[in-house]
Amino acid sequence: MVVHSSPLSFQVLFLVLTILLQIESHQIEDVAAKVEHLPGFDGPLPFHLETGYVGLGETDDDLQVFYYFIKSENDPKNDPLMLWLTGGPGCSSFSGLAYQIGPIKFKIEEYNGSLPNLVLRPQSWTKVSSIIFADLPIGTGFSYAKNVTAHRSHSKLINHTHQFIRKWLLEHPEFLSNKFYMGADSYSGIAAPGVVQEILNGNDQGLQPWINLQGYLLGNPITTGKESNDQMQYAHGMALISDELYLCLSGIDPSYILDSDCKVDFPMDDQGTHGRLLIQKLEGPLSSYLTVPTVTCQAYCSFLTTQWANSQSVRKALHVREVCHV
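Mature numbering (1 follows the signal peptide of the UniProt record, and there is no 0) puts the sequence shown at residues -25 to -1, 1 to 301.
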């Protein structure tokens, strides 16, 4: 028996396919959402936090960059806008937000198995500026790609960051006229000047949108391994620091000089494998600590972040996609 399809059947099939295509396209489109509450913080957030994804690459779904955006708590219409890259390489920009310059931080208290608590940071840079914390390079934090390994190099990090900020500004045109600054610390000090140069070149070439670049700032930037190996020895040899001070340096954390030099027992990638090419493994869950750092150690904040960011309630609040693995 021959079954003849009616015009209505084709219409229904077309409608179903159209809906499926719309759902698929919705999954990869750039989406930004306001976050009013964060697990671990008591009450609604007293500042404007937005999270979202910006798609890069030829088809937009090749690379998905996750970001946190906090509006200035003063005058967002006129205050500067800054894009912040955290070092590592491979550290989520949330560390810059929660450990360094953002409006929240972890409450330092003994971990009891529950979700770590967040409190306000009075000295936040968001008091006078709007800041975008981007999870770059691809594969850090909640950013992801179809092939993470294919996107690991300094040149690609620079290119992706340049693409990101122009596209972000297209999606947030109210900030096009704000003064723009590039900010970075640690390992991202290698890439940040290159991003600034790319922005300048793009402006000269007429790329849109035009970026109102004013400058860049670097904190504890890395340039080359040789430089970091010789800084203290050079200063001591040139009599810039005393013998007593030089001897004291052996007992402090070089990144946080007011903290003790704590030995933390957690898995590390082979430091000799990544160097300047960013080829270390960045995907996978946040590092699991073999032992819990003591509360007085700087690394204790990292431990709290691991417990907090791997919580499903946190990821839901941040509008993180299911495909991501931090």
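Ideal placement from N, C-alpha and C gives every residue a C-beta, glycine not left out.
{"Asked": "Distance CB(residue 111)-CB(residue 15) smaller than 9 Å", "Found": "no"}
{"Asked": "Close Cβ partners of residue -6 (< 8 Å) along its chain, the five nearest in sequence each way excluded", "Found": "The predicted position of residue -6 is uncertain, since its pLDDT is 34 and thus under 50; no value can be drawn from it."}
{"Asked": "Nearest neighbour of residue 8, chosen from 220, 19 and 44 [CA to CA]", "Found": "44"}
{"Asked": "Three-way DSSP call (helix, strand, coil) for residue 25 in this model", "Found": "strand"}
{"Asked": "Residues that DSSP places opposite residue 120 in a beta bridge", "Found": "38"}
{"Asked": "Contacts around residue 276, its chain only, beta-carbon distance under 6 Å, and the 5 residues preceding and following it disregarded", "Found": "74 and 81"}
{"Asked": "Beta bridge counterpart(s) of residue 43 as assigned by DSSP", "Found": "26 and 108"}
{"Asked": "Close beta carbons around residue -3, own chain, < 8 Å, minus the five adjacent residues each side", "Found": "Unreliable placement is indicated for residue -3, whose pLDDT of 34 sits below 50; the coordinate value is still reported in the next sentence. Cβ within range, chain order: n/a, list empty."}
{"Asked": "8 Å CB neighbourhood of residue 207 in its chain, flanking five on each side removed", "Found": "216, 221 and 224"}
{"Asked": "Bridge-paired residues (DSSP) for residue 80", "Found": "94"}
{"Asked": "Assumed close pair residue 116, residue 96 - CB separation to whole angstroms, cut-off 8 Å", "Found": "Wrong, their Cβ atoms sit about 20 Å apart, outside the cutoff."}
{"Asked": "Residues near residue 11 in its chain [Cβ-Cβ closer than 7 Å; skip 5 each side]", "Found": "19 and 20"}
{"Asked": "Residue 7 - partner residues in DSSP beta bridges", "Found": "27"}
{"Asked": "Member of 79, 30 and 60 whose CA lies at the smallest distance from the CA of residue 17", "Found": "79"}
{"Asked": "Beta-carbon gap between residue 32 and residue 161 smaller than 9 Å", "Found": "no"}
{"Asked": "Buried or exposed (CB count within 10 angstroms, at least 16 for buried), residue 27", "Found": "buried"}
{"Asked": "Minimum C-alpha distance to residue 189 - residue among 6, 55, 13 and 177", "Found": "55"}
{"Asked": "Neighbour-count burial assignment, residue 174, 16 or more Cβ in a 10 Å radius", "Found": "buried"}
{"Asked": "Span of the alpha helix (DSSP H) around residue 278", "Found": "274 to 284"}
{"Asked": "CB contact flag (residue 159, residue 181, <9 Å)", "Found": "no"}
{"Asked": "Alpha-carbon to alpha-carbon, residue 154 and residue 143", "Found": "15 Å"}
{"Asked": "Per DSSP, the bridge partner or partners of residue 156", "Found": "57 and 190"}
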